[in-house]
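Notes for the one structure printed next.
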Amino acid sequence: MRYWLFKSEPETFSIDDLRARRNQIEHWDGVRNYQARNMLRDEVKAGDQVLFYHSNCKPPGIVGVAEVVKEGYPDFTAWNPESSYYDPRSTKEKPQWFMVDIKFVEKFPQIISLDDLKQNSKLHEMLILRKGNRLSVTPVTAAEFKTILKMV
DNA sequence: GCCAACGTTGGC
DNA sequence: GCCAACGTTGGC
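Following our numbering, the residues of the first sequence are numbered contiguously, the last one being 233.
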């Protein structure tokens, strides 16, 4: 089993939105970056654990955990001209973009803020803390995941 | 709202 | 295949 960190702007889709979904499951659509796409398509597997990160808000940070329940399949929002994620280069024959389904596991009683993460010496290697890192899907090590759960 | 850091696009 | 211009991300 592997561990990941998924970023989302809470204004767009928050952990509360995930919890409110039917069966508490939602597809993780709209990823339009090739590196992140490759991970969603090839590496993220059912059963993997996901740290749910709120970005572009005050404060940014990890707000809970989700679990992958369905692995990489074509992101159908790319086929919908009405969608803001529409991409005419992606077709049903040759899908360009992929997504996974995740299920709500828990919401932390309080956010583990970006600042908290920076303070923790065990997390200095975390990709999310690297300068300039903008990937919305990043791998997390088992040790990092464990450390973060202890910070709750 | 600013702006640094990136990724993507497209002319050449 | 280079690289300038442009768009986006996301912390501050």
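Virtual Cβ for every residue (Gly too), placed ideally from N, Cα, C.
Counted within 10 angstroms of its Cβ, other Cβ atoms place residue i as buried (16 or more) or exposed
i	result
LYS199	exposed
ALA127	exposed
LYS231	exposed
MET207	buried
LYS175	exposed
VAL233	exposed
PRO140	exposed
Option nearest residue i by Cα separation, candidates the options
i	options	result
LYS184	GLU174, LYS151 and GLY111	LYS151
HIS108	SER136, TYR134, LYS139 and GLY153	GLY153
ARG170	PHE179, ALA159 and SER164	ALA159
VAL149	GLU163, VAL112, PRO176 and GLN105	GLN105
VAL221	GLY213, VAL233, VAL125 and ASP197	VAL125
TRP178	VAL112, PRO141, TYR84 and ASP196	VAL112
Rounded C-alpha distance that separates residue i from residue j
i	j	result
ASN161	TYR167	6 Å
TYR134	ALA224	18 Å
LYS173	ASP110	16 Å
ASP182	PHE189	21 Å
ASN119	GLN191	32 Å
PRO155	MET180	6 Å
ASP123	ALA147	19 Å
PHE101	GLY145	The question names Phe, but residue 101 in the sequence shown is Ala. Cα to Cα, the separation comes out at about 14 Å.
ILE96	TYR115	24 Å
ASP129	LEU99	17 Å
LYS203	ARG103	36 Å
LYS227	ILE209	16 Å
ASN201	TYR84	19 Å
MET82	LEU121	15 Å
PHE94	GLY213	23 Å
Proximal residues to residue i (C-beta, below 8 Å), its chain only, five neighbours per side dropped
i	result
CYS138	GLU90, PRO91 and GLU92
PHE87	TRP109, VAL131, LEU132, PHE133, TYR134, ALA147, ILE183, SER217 and VAL218
Other residues of its chain near residue i: CB distance less than 7 Å, five sequence neighbours each side excluded
i	result
ILE229	LEU132, ILE143 and ILE193
Cut-off 6 Å between Cβ atoms - residues of its own chain near residue i, not counting five sequence neighbours on either side
i	result
VAL186	VAL146, ALA147 and GLU148
LEU195	PRO141 and GLY142
Runs of beta strand (DSSP E) wholly within the region 119-190 (minimum 3 residues, chain order): 130-135 and 142-155
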